[in-house]
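Residue numbers (my numbering): 969 to 1217. Don't be surprised by glycine CBs; every beta carbon is placed ideally from N, CA and C.
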Ligand SMILES: [Zn+2]
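See below:
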């Protein structure tokens, strides 16, 4: 079957002197893995060498799962050039690509994750973008869309209001396996847990408020702390570390 889809390049590896194997996140077909013949030739018919972050219209054919599809044409229409110029923004963007690609199984269709990634990369390229807050919203919404965000206001063990107990001076934990926050009484029996510091807890509070439609700014220390927590959660869910993870924690 032949498809025409808006697509973002998640991964590109050399296959031969002239060809690449390219993974795309498409809006309507999820993650697709394609053989891109001749893209590395100087005058390629299919649109030229494809790089990470390249975004545009993709035409390809695919016969089924577990096989590589064939790239027929790719025309780049969104050029993330400002993003590529700044090492921090570029690394954060590449982390977002990797996290999105790893969290979605092949053929798992999530148009809203495509839109989320597209909007995040555009925002990240703008000079005034608060990089860590942009990443925190991205990780939060990515987890929400794939159904793994978890319980982030009350303890998953006993249901107590965790923020209230933290105000009283108690430590708060997060367990990826149990899917949410744990109070001091419930964390003792959890083998896998992450201590949530005051900044991370404040950051989660802001993200919850924004999700509920309230306008609230996410400060940099809170955004960085919440990113460390959400990256921990994503890596626990995947059962592996992300290559770009060390650039964002
Ligand atoms: Zn509890």
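Legend entry - Extent of the continuous beta strand (DSSP E) run through residue 1037: Taken as a continuous stretch (DSSP letters only), the beta strand (DSSP E) holding residue 1037 covers 1037–1046.
Inset, instruction - Please determine, among 1138, 1018 and 984, the residue with the shortest C-alpha to C-alpha distance to residue 1123. - result: The closest CA to that of residue 1123, considering only 1138, 1018 and 984, is found on 1138.
Legend entry - In DSSP terms, what residue 989 is bridged to: Residue 989 is bridged to 981 and 1003.
Inset, instruction - Write down every uninterrupted run of the alpha helix (DSSP H) in the stretch 1066–1144 whose length is 4 residues or greater and which is fully enclosed by it, in chain order. - result: Given a length threshold of 4 residues, each whole run of the alpha helix (DSSP H) inside the stretch 1066–1144 is given here in chain order: 1079–1092, 1099–1113 and 1130–1135.
Legend entry - Of the listed residues 1118, 1113, 1116 and 1084, nearest to residue 1102 (C-alpha basis): If we check each option's Cα against that of residue 1102, 1084 comes out closest.
Inset, instruction - Please confirm whether any heavy atom of ligand 1 lies closer than 6 Å to the CB of residue 977. - result: No, since every heavy atom of ligand 1 falls outside the 6 Å radius drawn around the Cβ of residue 977.
Legend entry - Straight-line gap, residue 1222 to residue 1117 (C-alpha atoms, nearest Å): Limits of the chain in this structure are 969 at one end and 1217 at the other, which puts residue 1222 out of reach.
Inset, instruction - Could you spell out where the beta strand (DSSP E) holding residue 1024 opens and where it closes? - result: Run containing residue 1024: 1023–1029, per the beta strand (DSSP E) assignment.
Inset, instruction - Starting from residue 1148, follow the beta strand (DSSP E) in both directions and report where the run begins and ends. - result: Looking at the DSSP string, the run of the beta strand (DSSP E) that includes residue 1148 is 1148–1150.
Inset, instruction - Evaluate the contact criterion for the stretch 1097–1116 versus the stretch 997–1010: three or more CB pairs, one atom per stretch, below 8 Å. - result: Because the criterion of three Cβ pairs below 8 Å is not met, the stretch 1097–1116 and the stretch 997–1010 do not touch.
Legend entry - Simplified DSSP assignment, three categories, for residue 1216: Coil at residue 1216, not helix or strand.
Inset, instruction - Kindly indicate if chain C contains any beta-carbon less than 7 Å away from that of residue 1081. - result: No chain C is part of this structure, which consists of one protein chain only.
Legend entry - Endpoints, the beta strand (DSSP E) within which residue 1163 is located: First-last of the beta strand (DSSP E) with residue 1163: 1162–1164.
Inset, instruction - Assign residue 1189 to one of three DSSP states: helix, strand, or coil. - result: Residue 1189: helix per DSSP, three-state reduction.
Legend entry - Proximity test, residue 1012 beta-carbon vs ligand 1 heavy atom, cut-off 6 Å: Every heavy atom of ligand 1 is 6 Å or more from the Cβ of residue 1012, so no.
Legend entry - Spatial distance of residue 1051 from residue 976 (CA atoms): Distance between the alpha carbons of residue 1051 and residue 976: 14 Å.
Inset, instruction - Report the three-state DSSP secondary structure of residue 998 (helix, strand or coil). - result: The answer is strand: DSSP assigns residue 998 an E or B state.
Legend entry - Beta-ladder partner(s) of residue 976, from DSSP: Bridge partners of residue 976: 993 and 1023.
Inset, instruction - Take the Cβ of residue 1206 as the centre, count every other Cβ of all protein chains shown within 10 Å, and call the residue buried at 16 or more, exposed below. - result: Burial call: exposed.
Inset, instruction - With hydrogens ignored, establish whether the beta-carbon of residue 1083 is closer than 6 Å to any heavy atom of ligand 1. - result: Not one heavy atom of ligand 1 is found less than 6 Å from the C-beta of residue 1083.
Legend entry - Near ligand 1: residue 982 beta-carbon under 6 Å from a heavy atom: The beta carbon of residue 982 sits no closer than 6 Å to any heavy atom of ligand 1.
Inset, instruction - Flag this pair as yes or no: are the beta carbons of residue 1166 and residue 1194 separated by less than 7 Å? - result: In this structure, residue 1194 does not lie closer than 7 Å to residue 1166 by Cβ.
Legend entry - Inter-stretch contact (C-beta, 8 Å, three-pair minimum) for the stretch 1064–1074 and the stretch 1105–1119: Taking 8 Å as the limit for Cβ pairs, the verdict is that the stretch 1105–1119 does touch the stretch 1064–1074.
Inset, instruction - Look at residue 1092 and residue 1125 and say whether their C-beta atoms are less than 7 Å apart. - result: Contact: no.
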